[in-house]
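Engineer: What follows is a single structure, and I will ask about it in a moment.
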Amino acid sequence: MHIRSASGLDRLIVADTGLSDVDGESGRLVIRGHLVEALAEHASFEDVCALLWNDKWPSRAEREVIRAFLAAARQEAFALLGSLGNALSAADGMEALRAATGHLSASADIKEDAIRLTGALPVFAAAWARTRAGQPPSAPLPSLSHAADYLQMLSGIVPETPCVRALDAYLCCVVDHGMNASTFTARVVASTGSDLVSAVVAAIGALKGPLHGGAPGPVLDMLDAIGRPEHARPWLEAELAAGRRIMGMGHRVYRVRDPRAAALESAISVLERTSAGGERLTLARAVEREAEHLLAEQYPTRKLRANVEFYTAVLLEAIGIPRTLFSPTFALSRVAGWCAHVNEQRSVGRLIRPASRYVGPAVLEPGLHAG
Ligand code: COA
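When you read off a place in the sequence shown, starting at 1, and then add 691, the result is the number in the working numbering.
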């Protein structure tokens, strides 16, 4: 069965899901009954994990349980760092993450594995970044939340609350997003009866591709190249004239502004009031305005608006995450969504086996083989 939207977008439905709903026409993302904007403003990463894994908003006690489980999982992963072979010496962060995650073993308990994987990814990402910078890994601190500890493991310093809040907003925004390529990958692997670690390793491989999670780095490159709001228009015009795409604009599903762009933009405004991020945000807003205008002129029938990656770049930079860690930081949130989808796929218990249309050569008549 296909969905055909008002804009003629035709997409194949491959699963029923109770996890998230992406409405590309009205720009609405719902995660287990909650609008993404509300989650970005009020929830922590632990809350969205509980929502996706336990099917409901956590009580205070449930939140504490999940926080303690994730803290223990980070410590367990940190103890494994010495036995990851050369996984963390990869030049690319996603390659390191894929290789390191492949060292984890799967158990018979999918909930335990979900916590182990979700706890491990920030530890591996931070250890990779510090190793590349010639610094020893910084041990996780069990008293910190997942977001705070990731920042602490990166910098070696316990972060300020506004930075933690901004990271939580980001993690809540990207934790799940319908049947995107990496989630579909995880569900295909799960549908064969394989284990959660295998599904997550495959999903990391899908997310690694530049068409899925790789735009925020180039968005920052673009902001660097533009430099000042008044340079935005001529710079963007030259890019479009050269046939290049404007990073952070356009989306396969959204035909309006990505709701996560708005949620992240307001998280940055809050951060700006309390600490860093001000000038970049002003520049980013000017670039978005000009880009939207120029794209509307060039593609009057398509609606190319800002996507999540546009403000992701500004937010992650403002809280001190290096560009090389943008995709791994995306992964350490999305892993919670992958785990929930694998669990859901398991309950369906049916192999995903799409069809292809054969367009190869016609079958040769038997006699023609001889010559
Ligand atoms: N800049 C300039 N032109 C763009 C564009 C952009 N950001 N996004 C789409 N277009 C143009 C394409 O060149 C194409 O033009 P053509 O018909 O003349 O070849 C047309 O619009 C295709 O539009 P659409 O069908 O909506 O795009 P898509 O679904 O194939 O691609 C993206 C979606 C996200 C891959 C695309 O918008 C893009 O490359 N954006 C920039 C990268 C980015 O931000 N990625 C992160 C996504 S979350």
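The beta carbon of each residue, even a glycine, is placed where N, CA and C say it ideally should be.
So, do the segment 802-819 and the segment 1017-1036 have three or more beta carbon pairs nearer to each other than 8 angstroms?
Structural biologist: yes
Engineer: Under 8 angstroms by Cβ, that's how I've got Val855 and Arg1025 pegged, so tell me the actual separation to the nearest angstrom.
Structural biologist: Walking along the sequence shown from the start, residue 855 turns up at place 164. Walking along the sequence shown from the start, residue 1025 turns up at place 334. 19 angstroms between Cβ atoms; not a contact.
Engineer: Rounded to the nearest angstrom, what separates Cys740 and Tyr990 at their Cα positions?
Structural biologist: Taking the first residue of the sequence shown as position 1, residue 740 is located at position 49. Taking the first residue of the sequence shown as position 1, residue 990 is located at position 299. Using only the alpha carbons, I get a separation of about 39 angstroms.
Engineer: Below 8 angstroms CB to CB, which residues in the same chain sit around Arg789 once its five sequence neighbours on both sides are set aside?
Structural biologist: Against the sequence shown, residue 789 aligns to sequence position 98. Closer than 8 angstroms at the Cβ level, and outside the excluded window around Arg789, lie Val892, Ile895, Gly896 and Lys899.
Engineer: For Gln766, which residues of its own chain have a beta-carbon under 6 angstroms away from its beta-carbon, when the five flanking residues on both sides are left out?
Structural biologist: Sequence index remark: in the sequence shown, residue 766 carries index 75 (1-based). Pro831.
Engineer: Assuming contact is defined by CB atoms lying nearer than 9 angstroms, are Pro920 and Ala1009 in contact in what I supplied?
Structural biologist: Locating residue 920 in the sequence shown gives position 229, where the first residue counts as 1. Locating residue 1009 in the sequence shown gives position 318, where the first residue counts as 1. No.
Engineer: For the ligand COA, any of its heavy atoms closer than 8 angstroms to the Cβ of Gly941?
Structural biologist: The count along the sequence shown starts at 1 and reaches residue 941 at position 250. Checking the Cβ of Gly941 against the ligand COA gives yes.
Engineer: Between which residues of its own chain and Ala881 is the CB-CB distance below 7 angstroms, once the five residues before and five after are set aside?
Structural biologist: For this step, residue 881 is matched to residue 190 along the sequence shown. Closer than 7 angstroms at the Cβ level, and outside the excluded window around Ala881, lie Ala890, Val1033, Gln1036 and Arg1037.
Engineer: Can you name, in chain order, every residue of its own chain whose Cβ lies under 8 angstroms from the Cβ of Leu962, other than the five neighbours on each side?
Structural biologist: Residue 962 sits at position 271 when you count from the first residue of the sequence shown. Counting only Cβ-Cβ distances below 8 angstroms, and skipping sequence neighbours, we find Pro853, Cys854, Arg856, Ala857, Gly968, Leu1006, Ala1009 and Ile1010.
Engineer: Would you say Glu1000 touches the ligand COA, meaning its beta carbon is less than 8 angstroms from a heavy atom?
Structural biologist: Taking the sequence shown and counting its residues from 1, the one referred to as residue 1000 is at position 309. Because some heavy atom of the ligand COA lies under 8 angstroms away, the Cβ of Glu1000 counts as near it: yes.
Engineer: Mapping the DSSP letters down to three states, classify Val944 as helix, strand or coil.
Structural biologist: In the sequence shown, counting from the first residue as 1, residue 944 sits at position 253. Correct three-state label for Val944: coil.
Engineer: Considering only the alpha carbon of each residue, which of Ser829, Leu710 and Ala860 lies closest to Glu732?
Structural biologist: Stepping through the sequence shown from its first residue, residue 732 is reached at position 41. Check the Cα spacing between Glu732 and each of Ser829, Leu710 and Ala860: the tightest is with Ala860.
Engineer: Check for me: the beta strand (DSSP E) holding Ser711 runs from which residue to which?
Structural biologist: Position 20 of the sequence shown, counting from 1, holds the residue named residue 711. Going by DSSP, Ser711 is part of the beta strand (DSSP E) stretching over Ser711 to Asp714.
Engineer: Using CA coordinates, which residue listed in Ile722, Glu728 and Ala759 is at the minimum distance from Lys747?
Structural biologist: Here residue 747 refers to the residue found at position 56 when the sequence shown is read from its first residue. Ranking Ile722, Glu728 and Ala759 by Cα distance to Lys747 puts Ile722 first.
Engineer: Cα separation between Gly810 and Ala838?
Structural biologist: Walking along the sequence shown from the start, residue 810 turns up at place 119. Walking along the sequence shown from the start, residue 838 turns up at place 147. Their Cα atoms are separated by approximately 11 angstroms.
Engineer: Can you tell me whether Arg758 is helix, strand or coil according to DSSP?
Structural biologist: Within the sequence shown, the letter at position 67 stands for residue 758. The answer is helix: DSSP assigns Arg758 an H, G or I state.
Engineer: Where do the N-terminal and C-terminal ends of the alpha helix (DSSP H) with Leu898 fall, by residue?
Structural biologist: Stepping through the sequence shown from its first residue, residue 898 is reached at position 207. It spans Leu887 to Leu898 - the alpha helix (DSSP H) in which Leu898 sits, taken as one unbroken run.
Engineer: Can you check DSSP and say which residues form a bridge with Ile722?
Structural biologist: Position 31 of the sequence shown, counted from the first residue, corresponds to residue 722. Beta-bridge pairing links Ile722 to Ser711 and His725.
Engineer: Considering only heavy atoms of the ligand COA, does any lie closer than 8 angstroms to the CB of Asp800?
Structural biologist: Here residue 800 refers to the residue found at position 109 of the sequence shown. For the ligand COA, not one heavy atom lies less than 8 angstroms from the Cβ of Asp800.
Engineer: Are the CB atoms of Thr822 and Ser774 within a distance shorter than 9 angstroms?
Structural biologist: Residue 774 sits at position 83 when you count from the first residue of the sequence shown. Residue 822 sits at position 131 when you count from the first residue of the sequence shown. No.
Engineer: Output needed for Phe1021: all residues of its chain with C-beta closer than 7 angstroms, excluding positions within five of it in sequence on either side, in chain order.
Structural biologist: Taking the first residue of the sequence shown as 1, we reach residue 1021 at position 330. Same-chain partners within the cutoff: Val865, Leu898 and Gly904.
Engineer: Would a C-beta distance cut-off of 9 angstroms place Arg996 and Val947 closer than the cut-off?
Structural biologist: As a position in the sequence shown, residue 996 is number 305, starting the count at 1. As a position in the sequence shown, residue 947 is number 256, starting the count at 1. Yes. Within cutoff.
Engineer: Which whole-angstrom value describes the C-beta separation of Ala816 and Ser829, a residue pair presumed to lie in contact below a C-beta threshold of 8 angstroms?
Structural biologist: Numbered from 1 along the sequence shown, position 125 holds the residue referred to as residue 816. Numbered from 1 along the sequence shown, position 138 holds the residue referred to as residue 829. Rounded, the Cβ-Cβ distance is 12 angstroms, inconsistent with contact.
Engineer: Can you name the residues that DSSP bridges to Ala997?
Structural biologist: As a first step, residue 997 is located in the sequence shown; it is residue number 306 there, counting from the start. Per DSSP, Met940.
Engineer: I need the DSSP call for Tyr841, collapsed to helix, strand or coil.
Structural biologist: Translated into positions along the sequence shown, residue 841 becomes position 150. Note: Tyr841 maps to helix in three-state DSSP.
Engineer: Could you compute how far the alpha carbon of Leu743 sits from the alpha carbon of Phe736?
Structural biologist: Position 52 of the sequence shown holds residue 743. Position 45 of the sequence shown holds residue 736. Their Cα atoms are separated by approximately 11 angstroms.
Engineer: Regarding Ala702 and the ligand COA, is the C-beta to nearest heavy atom distance less than 8 angstroms?
Structural biologist: Here residue 702 refers to the residue found at position 11 of the sequence shown. At residue 702 the sequence reads Arg, which differs from the Ala that was named. Checking every heavy atom of the ligand COA against the Cβ of Arg702, none is found closer than 8 angstroms.
Engineer: Buried or exposed: where does Arg758 fall if 16 or more other Cβ atoms within 10 Å of its Cβ makes it buried?
Structural biologist: The residue you call residue 758 lines up with position 67 of the sequence shown. Per the 10 Å Cβ criterion, buried.
Engineer: Please state the DSSP three-state secondary structure of Gln989.
Structural biologist: Counting from one through the sequence shown, the residue named residue 989 turns up at place 298. In the three-state scheme derived from DSSP, where H, G and I count as helix and E and B as strand, Gln989 is classed as helix.
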